[in-house]
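This report concerns only the one structure given below.
Number of protein chains: 2
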Amino acid sequence: MSVTKELAAYIVGSRPDHIPPDVRHEARRALLNYVGCAVGGSREQAVEIALRVLGPYSGERSARVLGREELLDPLYASLLNGISSHVLDYDDTTPSNYIHPTSPAASALVAYACTAPVTGADLLHALVLGFEVQSRIGDATYPAHYEAGWHSTGSIGVFGAAVAIGKLLALPLQNMIWAIGLAATQSAGLREMFGSMGKAFHPGRSAQSGYMGALLAQAGFTSGEYGIEGPRGFAPVTAKAFDLTRVTAGFGSDFGLRRNTYKPFPCGIVIHPTIDACIQIRRERQFSPADVQAVRLRVAPLVLDLCNKRTIDKGLEGKFSVYHGAAVGLLRGRAGIAEFTDAAVNDPDIKRVRETSTVAVADQNIAEDEAVAEVTLASGERVVKHVEHAIGNLARPMTDGELEEKFRDQASPALGAHRSNELIALCWRIDELADCRVLIEAATPSP
Amino acid sequence: MSVTKELAAYIVGSRPDHIPPDVRHEARRALLNYVGCAVGGSREQAVEIALRVLGPYSGERSARVLGREELLDPLYASLLNGISSHVLDYDDTTPSNYIHPTSPAASALVAYACTAPVTGADLLHALVLGFEVQSRIGDATYPAHYEAGWHSTGSIGVFGAAVAIGKLLALPLQNMIWAIGLAATQSAGLREMFGSMGKAFHPGRSAQSGYMGALLAQAGFTSGEYGIEGPRGFAPVTAKAFDLTRVTAGFGSDFGLRRNTYKPFPCGIVIHPTIDACIQIRRERQFSPADVQAVRLRVAPLVLDLCNKRTIDKGLEGKFSVYHGAAVGLLRGRAGIAEFTDAAVNDPDIKRVRETSTVAVADQNIAEDEAVAEVTLASGERVVKHVEHAIGNLARPMTDGELEEKFRDQASPALGAHRSNELIALCWRIDELADCRVLIEAATPSP
């Protein structure tokens, strides 16, 4: 059997009761974190522009854009949900392949669930499968696919959206194969967009494209049969090296959700260890901004590959600057949404530390969740902090309570504290919901 | 200056009177051929399915789907026009890079022109630029991009749609750069889809994506600044080797349209030399199907790379089978739309010649527009035909009259002979039209 067909057959055959309880709980955590990110990002400029530009092209307005009063057709709602949930770079990440897998799948699912009654159990199940397909294709093609320059949250996310919607549509095997093929042939998203609105566009567009692919496949719009593994298929075309046995091994027992992580800081995950180290230094010592004379960072080589800009003036760019991460950690002792605004990036103290006081050295012996920060203070004192596993990492996961706290920080400005707590409760008991619309409506601000 | 910026500056600065008369005439030929293909393909199953599935998601129905009575919003009309104009594999091709460049650009343009008054001169100018950008990016990345498995009509077509719409929107330089970036990050389309509806989906989706990218860019939705040449940009990510000087060399004097070709046969262009040779043999000799004992083809290696299937049962597959092309050429003496239907592919005589009597040998010494066909008849006679340049090729271009004849064959079933002739006349005098809608309405069947 072909890889694409085997994967499609797994999706088609999976039932909610096949998913182990711990995986279901992790899916609830992923959903909670997703909804918080989507609501928290729903007023960002990229969302406002996309809504203003594309709203007039919407079909029947039956689907909610999470966190907003506006309705769009479910395909455009998928796009907008994808942009808002990723725009703050605060959504979940699987460290084995650097995909942010919940955004593409969930953005399509919650849009679909506005247009037809979907039980919470079915939505959660489809989310598990959409996540799973991304994890498997991601692991099978990592690192070559990512290193080639693909932003896999877009280029692989599209598969997650397609199979998640395909599952809710109860596609038969042949149609699920075509949905995967139509996802493969819409796979897109370049890392060159990092630092621009184009990055958050990726999970949005992949949610919309995957959703559309599933709809077309349902109606018999054909694709190639070997979308993933064919000689001109996704894997050979986008990755120099890959291991397709990882797409199909351990169906039903191995779940990517068990290897998912949640971000404590709204920025590129590879700079989290640096931020963590700098916040710890700040908490241990009292010093003023002017006291910071020199900062020396030792980081994994990938960090400088991705986040090596220091001369920047936009909040979005700060999310991908290891120097900026170090500066806010040291000077503010935190790295929340407020630390990645245009204002924070242009704060003179932060700018000085970021642009003139900090050096970063790539070190092959430093792992990607590890960092060493060494700060020289005006007194001459040197403080060194070695973070072996950054907070939020698999070795130091955020607890359910920390996720709730993060959720409140993101959602409260839009929804208020009471409604945010209600929404948290609804996410935890999604399996009991006869119709997910109650949850989606709870994520909407009162007019 | 960066390649992306230089390209954007050329587009922004170009005026209709900068385009030499011969290029304008070639653009009219491309438009005529495009409209014929779109009308001719407008009742194909892929179009019917896409229209049925996506019609309900359309926004305000202000744009015509060419050849049909239905209206859609201009983004979905772009998609449908792209599918219909490519679904018969009858649209134009630039042999230097195998892109079918008119479909992605013109599909977006004629949709846009339904929603606002656009003069024929402006539409033709935007088409020249949309074509040009594809030619330049295509030539700069060929053959590596295509050989990697990308269907460049999708993956490069998106740039053509983005700049063509961007030109009609009169985008300033920065926004044109973003339109190019948003095109780059939506670049998609795998050759694995060949033989399925997914292939025709590519120019459609690229037209829609490019159009959407231009709209977003106009409103300030940012992309990376180096969409084409950045280290994680389009060229490095999708091609092992490329020469970006070809993107920018000879602006205003060198035009890709001068190297465009039109297909006499509705199938993969690489099998045209074989078909041409077989039709010539058929015209020179009288023989019955049973007389064909053995067929030996010598073809360029790429032919077998792309079109090596002989056991097939679908018309779409026949378009990419060199064996099928040889069989219909020999047995029917023609290769029109009727020769690439399911019925033709399953015709017992054609099937026998295709599946059991024909061998094809790849020969490094045979050029891609060349073929040698050798037929052994029941009498023992051997007939050899060496085609050095296939009809439709740059060395043997279709005349304006032949293009008109092809147009009538495609459009008459939908529009009738009189209306088809009117439409031909409108395409030739597009520069005089104050509003292109008169041409688009002429491509619509009377209710």
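Protein chains in written order, with our numbering: chain A, 818 to 1264; chain B, 818 to 1264.
By construction, the Cβ of each residue, glycine as well, lies at the ideal position given by its N, Cα and C atoms.
Can you tell which of the options has the C-alpha that lies nearest to the C-alpha of residue i?
i: THR1055/B; options: PRO1106/B, ASP1093/B, ALA1034/B and HIS968/B; result: HIS968/B
i: ALA1017/B; options: VAL870/B, LEU1243/B, GLU861/B and THR1002/B; result: GLU861/B
i: TYR1140/B; options: CYS1095/B, ASP956/B and GLY1044/B; result: CYS1095/B
i: ALA1184/B; options: VAL1087/B, GLY857/B, TYR1028/B and ARG1151/B; result: VAL1087/B
i: ILE997/B; options: GLN1035/B, ALA1036/B, LEU1007/B and GLY1044/B; result: GLY1044/B
i: LYS984/B; options: GLY1012/B, GLN1025/B, ALA922/B and PHE1011/B; result: ALA922/B
i: HIS1203/B; options: ARG1022/B, ALA1195/B, ARG1213/B and GLU1191/B; result: GLU1191/B
i: TYR851/A; options: ARG1225/A, ALA1234/A, PRO1264/A and PRO1262/A; result: ARG1225/A
i: TYR1028/A; options: ALA1177/A, SER1196/A, PRO891/A and HIS842/A; result: PRO891/A
i: ILE916/B; options: LEU1194/B, PRO1230/B, VAL882/B and LEU1074/B; result: LEU1074/B
i: ASP1093/A; options: GLU964/A, GLY857/A, SER1196/A and ARG1149/A; result: ARG1149/A
i: ALA789/A; options: ARG1171/A, SER901/A and ALA863/A; result: Residue 789/A is absent from the structure shown; chain A starts at 818 and stops at 1264.
i: LEU1007/A; options: GLY1015/B, PRO1053/B and GLY966/B; result: PRO1053/B
i: ARG878/A; options: THR911/A, CYS931/A and ARG845/A; result: CYS931/A
Cβ-heavy atom distance between residue i and the ligand MN below 8 Å?
i: GLN1227/A; result: In terms of ligand content, the structure shown is empty, and the ligand MN therefore cannot be addressed.
To the nearest angstrom, how far is it from the Cα of residue i to the Cα of residue j?
i: TRP1245/A; j: PHE1157/B; result: 56 Å
i: ASP1166/A; j: LYS822/B; result: 34 Å
i: VAL1064/A; j: ASP1071/A; result: 11 Å
i: PHE1038/B; j: GLY899/B; result: 25 Å
i: ALA1266/B; j: ARG1236/B; result: Given that chain B is displayed from residue 818 to residue 1264, the structure contains no residue 1266/B and the question cannot be resolved.
i: LYS1126/A; j: THR1175/A; result: 12 Å
i: ASN1210/B; j: ASP939/A; result: 55 Å
i: GLU1221/B; j: PRO989/B; result: 38 Å
i: LEU1263/A; j: VAL882/A; result: The amino acid occupying residue 1263/A in the given sequence is Ser; Leu does not appear at that position. Roughly 14 Å between the two C-alpha positions.
i: MET993/B; j: VAL1162/A; result: 27 Å
i: SER831/B; j: SER924/A; result: 40 Å
i: THR1091/A; j: HIS1019/A; result: 26 Å
i: GLN951/A; j: ARG1076/A; result: 12 Å
i: ARG1022/B; j: LEU1033/B; result: 16 Å
i: ALA979/B; j: ARG1102/A; result: 53 Å
i: HIS903/A; j: GLY858/A; result: 7 Å
With respect to the beta strand (DSSP E) encompassing residue i, which residues constitute its N-terminal and C-terminal limits?
i: HIS1203/B; result: 1199-1204
i: GLN1110/A; result: 1109-1116
i: VAL1194/A; result: The sequence as given places Leu at residue 1194/A; Val does not occur at that position. Taken as a continuous stretch (DSSP letters only), the beta strand (DSSP E) holding LEU1194/A covers 1188-1194.
i: VAL904/A; result: Neither: VAL904/A is in no beta strand (DSSP E) and is coded neither H nor E.
What did DSSP end up calling residue i once you bin it into helix, strand or coil?
i: THR1173/A; result: helix
i: VAL1178/B; result: strand
i: LEU888/B; result: strand
i: ASN1125/B; result: strand
i: ILE1092/A; result: helix
i: LEU986/A; result: coil
i: ARG881/B; result: strand
i: THR1062/B; result: helix
i: ILE778/B; result: Only positions 818 to 1264 of chain B appear in this structure, which leaves residue 778/B out of reach.
i: LEU1007/A; result: strand
i: ILE1086/B; result: helix
i: THR958/A; result: helix
i: THR910/B; result: strand
i: THR1078/B; result: strand
i: ILE994/B; result: helix
i: ILE1098/B; result: helix
Span of the alpha helix (DSSP H) holding residue i?
i: TRP967/B; result: TRP967/B -> no alpha helix (DSSP H), and no H or E assigned at all.
i: TYR1028/A; result: 1015-1035
i: LEU1147/A; result: 1139-1149
i: PRO921/A; result: 919-929
i: VAL820/A; result: 820-830
i: PRO934/A; result: No alpha helix (DSSP H) contains PRO934/A, which DSSP labels as neither H nor E.
i: TYR851/B; result: 838-857
i: ILE1183/B; result: No alpha helix (DSSP H) contains ILE1183/B, which DSSP labels as neither H nor E.
Interface residues of the stretch 1000-1011 of chain B facing chain A [CB-CB below 9 Å]: ALA1001, THR1002, GLN1003, SER1004, ALA1005, GLY1006, LEU1007, ARG1008, GLU1009, MET1010 and PHE1011
Proximal residues, the stretch 1027-1039 of chain A versus chain B, C-beta separation under 8 Å: Within the stretch 1027-1039 of chain A, the qualifying residues are MET1029, LEU1032, LEU1033, GLN1035, ALA1036, GLY1037, PHE1038 and THR1039.
Members of the stretch 863-874 of chain A near chain B, C-beta cut-off 8 Å: ALA863, ILE866, ALA867, ARG869, VAL870, LEU871, PRO873 and TYR874
Residues from the stretch 876-894 of chain A in contact with chain B, defined by Cβ distance under 9 Å: GLY876, GLU877, ASP890, PRO891, LEU892 and TYR893
Contact set between the stretch 1116-1144 of chain B and chain A, restricted to residues whose Cβ is under 8 Å from the partner: If you check each beta-carbon in the stretch 1116-1144 of chain B against every beta-carbon of chain A, none falls closer than 8 Å.
Contact list for the stretch 1050-1074 of chain A against chain B, Cβ threshold 8 Å: Under the 8 Å Cβ criterion, the stretch 1050-1074 of chain A contributes GLY1050, PHE1051, PRO1053 and VAL1054.
Interface residues of the stretch 945-968 of chain B facing chain A [CB-CB below 9 Å]: ALA965, GLY966, TRP967 and HIS968
Residues of the stretch 922-935 of chain B whose Cβ lies closer than 9 Å to any Cβ of chain A, in chain order: Result list empty, no residue passes.
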